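First to last, the protein sequences are chains A and B. Under my numbering, the first residue of the first sequence carries the number 131, and numbering increases by one thereafter. Under my numbering, the first residue of the second sequence carries the number 131, and numbering increases by one thereafter. C-beta: ideal position from N, C-alpha, C; glycine also. Remember, it's a predicted structure, so these values are computed and weren't measured experimentally. Data first, discussion second: the structure below is written as structure tokens.
Protein chains: 2
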Amino acid sequence: MDALILGGGGMLGRKLAESYAADQEATLSRLSLVDAFIEPAPPVGAGFAVDCSVADITDPAVTQRLVAERPDVIFHLAAIVSGEAELDFEKGYSINLDGTRLLFEAIRGEGDDYCPRVVFTSSIAAFGAPFPEIIDDEFILQPLTSYGAQKVMGEMMLNDYSRRGLFDGVGLRLPSICVRPGAANKAASGLFSNIIREPLSGRDVVLPAERSTRHWFASPRSAIRFLRHAATIDTQRLGARRCLNMPGLSATIAEEIEALRRIAGDDVVQRIHDEPDELIMRIVAGWPSNFTATRARELGFSAETSFEEIINVFIEDELGGQLP
Amino acid sequence: MDALILGGGGMLGRKLAESYAADQEATLSRLSLVDAFIEPAPPVGAGFAVDCSVADITDPAVTQRLVAERPDVIFHLAAIVSGEAELDFEKGYSINLDGTRLLFEAIRGEGDDYCPRVVFTSSIAAFGAPFPEIIDDEFILQPLTSYGAQKVMGEMMLNDYSRRGLFDGVGLRLPSICVRPGAANKAASGLFSNIIREPLSGRDVVLPAERSTRHWFASPRSAIRFLRHAATIDTQRLGARRCLNMPGLSATIAEEIEALRRIAGDDVVQRIHDEPDELIMRIVAGWPSNFTATRARELGFSAETSFEEIINVFIEDELGGQLP
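The following block contains the structure:
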């Protein structure tokens with residue numbers, strides 16, 4: 131199986147490549163990593179050919195060239211994240227909408243004998259308040275950010291191109307990925323990761339939202355499992371609705387902090403400083419916090435069931451398995 | 131108030147212009163009718179300036195020119211209908227998606243001191259089976275046609291541009307408009323009109339679907355009321371969800387035919403010939419048939435409550451008020 135990862139320089143793209151490289155069972159023959167901003171690093175120990183490049187999917191010649199290699203699976207993870215798409219209207223629409231469409235059009239342009247699996251990362255940002263207490267699989271998509279609007283537009287094209295047999299798409303509405311490693315990106319949801327990662331790394335951190343804030347989480351490890359499962363799932367079972375609410379854990383910030391206390395102790399937790407920010411609290415109030423994710427669970431997707439698990443994944447995968 | 135109607139040569143555009151022209155209370159100062167295909171006819175008896183032109187909204191110079199006149203209200207009714215958008219993939223995306231986006235971008239390009247009301251016709255084709263028995267205002271948008279996908283994409287932009295204050299949008303998910311006058315267009319839903327209009331006009335007609343088929347209807351007169359109400363409604367009451375399921379009448383084809391029999395007699399009804407068509411029946415099975423339309427009703431939108439009413443509107447507005 132030949133795979134192409136767009137957004138291969140991002141956190142998920144990198145971890146996805148590493149996951150395939152570490153997996154002796156993975157039947158990958160070739161992996162192409164492409165990113166617009168960061169030259170992706172080839173994963174260590176891959177038993178398959180890897181090529182890495184910097185390329186911009188808003189250039190139709192680029193998407194045509196990438197697709198002309200006819201990868202069997204295309205992971206389309208490339209996106210301008212929520213905070214930046216909100217600040218830069220044109221950049222968000224250009225990459226998140228036009229880039230996605232150019233990719234899909236390039237696949238269509240390859241003709242009838244090419245029908246790759248396309249795995250597209252949508253987001254729970256596809257939803258916007260007001261919400262029921264728990265969001266089922268039939269709740270209306272009404273985003274409250276440009277990023278969310280662009281993701282829903284991508285979903286619509288994914289469904290339509292798949293229904294027409296132009297490719298075989300699966301869309302994943304990802305929970306907030308937590309704990310994100312490394313420096314914060316411009317995703318507004320970064321605060322949920324920051325309050326775990328920074329204290330565990332010996333640094334103080336500001337908490338700009340209220341501790342009662344509830345949100346929907348999965349670890350990076352779960353996200354990679356979602357992506358790999360989506361690459362091989364039987365899409366007959368999806369019908370025309372190709373996009374799924376991914377499973378996750380519903381937790382409050384207070385519950386995050388209590389899990390951190392149980393794992394790392396009071397001293398670490400004391401590095402969190404409450405400094406409520408009106409703007410951030412208003413943004414966060416528009417976010418969903420709980421899903422049934424019934425369809426996805428029935429299709430074999432699963433995630434963590436406690437915040438301790440989520441923190442332990444971070445400690446194992448990012449801190450070498452032990453507290454600093 | 132200056133108004134611009136895009137799609138001014140279509141059935142709704144023409145009737146909307148006629149409605150303003152006939153209304154002594156209408157406070158229109160100017161009306162521009164634009165259509166890509168048909169030179170719109172100026173409405174008779176208008177007490178305001180009218181200009182009519184043929185122009186293609188997929189040309190950015192055209193949308194910029196139209197918007198540069200700074201109409202207070204823009205009715206964006208221009209679209210490739212469902213049947214044609216399904217047959218011609220590129221034309222559908224070009225006009226329904228790109229044309230809509232170019233219009234919205236032209237408005238954005240006018241700058242901060244211009245914020246027109248934009249009334250956008252979406253459709254119940256924004257929904258796709260499987261459905262609950264009655265669709266509420268929070269049911270997921272999952273179209274089963276390219277036309278429906280393009281309409282949802284337009285809705286997403288309408289919400290996003292409105293949320294950002296770039297214009298003041300209202301989207302209307304129209305029921306199937308019935309009874310459509312004149313020759314059938316390429317909308318797949320034309321069959322529901324054909325079986326009323328053709329027999330009333332002394333012509334035989336084929337019914338390609340089963341009589342038990344249930345669907346969601348409003349008359350052209352209701353549609354014009356929806357559009358005019360949307361042009362003046364207080365959008366503060368809409369919040370971020372700018373698109374509304376319009377009220378309508380849920381009726382089966384059998385109920386349509388019984389209403390026709392009560393109004394026009396057995397001889398007229400006998401001009402309907404059942405010739406079930408597998409393809410059409412499969413398409414129709416994916417269409418919604420009943421909505422609560424609660425939000426729209428609370429905002430003052432209303433439609434017919436019996437199919438006799440719908441037929442009588444056709445007889446009054448299209449047949450001069452009497453049976454031929």
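Under the Cβ criterion of 8 Å, PHE269(B) is counted among the residues facing chain A.
Nearest Cα to VAL174(A) within the set ALA381(A), THR188(A), ALA147(A), SER159(A): ALA147(A). Neighbours of ALA152(A) in chain B, taken as residues at a C-beta separation under 8 Å, are lacking, since the least C-beta distance is about 37 Å. Residue state for ASN375(A) is assigned as strand, using DSSP reduced to three classes. The segment 400-412 of chain B makes contact with the segment 323-338 of chain B: 3 or more CB pairs, one atom from each, lie closer than 8 Å. Residue contact check for ASP218(A) against chain B: no CB pair falls below 8 Å. In the DSSP assignment, GLY140(A) falls outside any alpha helix (DSSP H) and carries neither an H nor an E. Where ASP242(A) is concerned, there is no enclosing alpha helix (DSSP H), because DSSP gives it neither an H nor an E. Distances from the alpha-carbon of VAL398(A) to those of ARG200(A), ALA151(A), ASN324(A), MET141(A) put ASN324(A) closest. The three-state secondary structure of VAL211(A), taken from DSSP, is coil. Against chain A, a Cβ distance below 8 Å from LEU274(B) picks out ARG293, ALA370. DSSP places SER352(A) in the helix class (H, G or I) of the three-state scheme.
When DSSP states are grouped into helix, strand and coil, ARG344(A) belongs to the strand group. Residue state for THR251(A) is assigned as strand, using DSSP reduced to three classes.
Sequence-ordered contacts of the segment 243-267 of chain A with chain B read GLY258 [C-beta pairs closer than 7 Å]. Under DSSP, THR382(B) forms a beta bridge with ARG344(B). Note on geometry: alpha-carbon atoms of LEU136(A) and ALA208(A) lie some 5 Å from one another. At least one CB atom of chain B sits nearer than 8 Å to the CB of MET286(A). For ASN289(B), the nearest beta carbon of chain A is closer than 8 Å to its own beta carbon. The CB of ALA423(A) never comes closer than 8 Å to any CB in chain B; the least such distance is about 14 Å.
Three or more beta-carbon pairs separated by less than 8 Å are not found between the segment 326-333 of chain B and the segment 356-363 of chain B, which leaves the two stretches without contact. Going by DSSP, ASP290(B) is part of the alpha helix (DSSP H) stretching over 276-293. Under the 8 Å criterion on CB atoms, MET283(A) is classed as interfacial with respect to chain B. Residue-level contact by beta carbon fails for ALA415(B) and chain A, as no gap is shorter than 8 Å. A Cβ-Cβ distance of about 5 Å is found for the pair PHE347(A) and CYS308(A), placing them in contact under the 8 Å criterion.
For the C-beta of ALA353(A), not a single chain B residue is nearer than 7 Å; the gap to the nearest is close to 23 Å.
Contact note: ALA191(A) does not reach chain B at a C-beta cutoff of 8 Å; the least C-beta distance is about 19 Å. The C-beta of ALA279(B) comes closer than 8 Å to at least one C-beta of chain A.
Close CB contacts of ILE441(A) within its chain, under the 7 Å cut and outside five residues either way in sequence, are with VAL309, ILE326, ALA389, LEU390, ILE393 (chain order). Bridge partners of ILE326(A) according to DSSP: none are assigned. With respect to PHE297(A), CYS373(A) sits apart: the two C-beta atoms are not nearer than 8 Å.
THR435(B) is classed as exposed because its beta carbon has fewer than 16 other beta carbons within 10 Å across all chains shown. The beta carbons of SER342(A) and ALA370(A) sit about 39 Å from each other, so the pair does not count as a contact at 8 Å. Annotation for ASP228(B): THR188 place their beta carbon closer than 7 Å to its own, counting only its chain and skipping 5 residues before and after. Nearest in C-alpha terms to ALA279(B), of all of ALA185(B), GLU386(B), TYR223(B), is TYR223(B).
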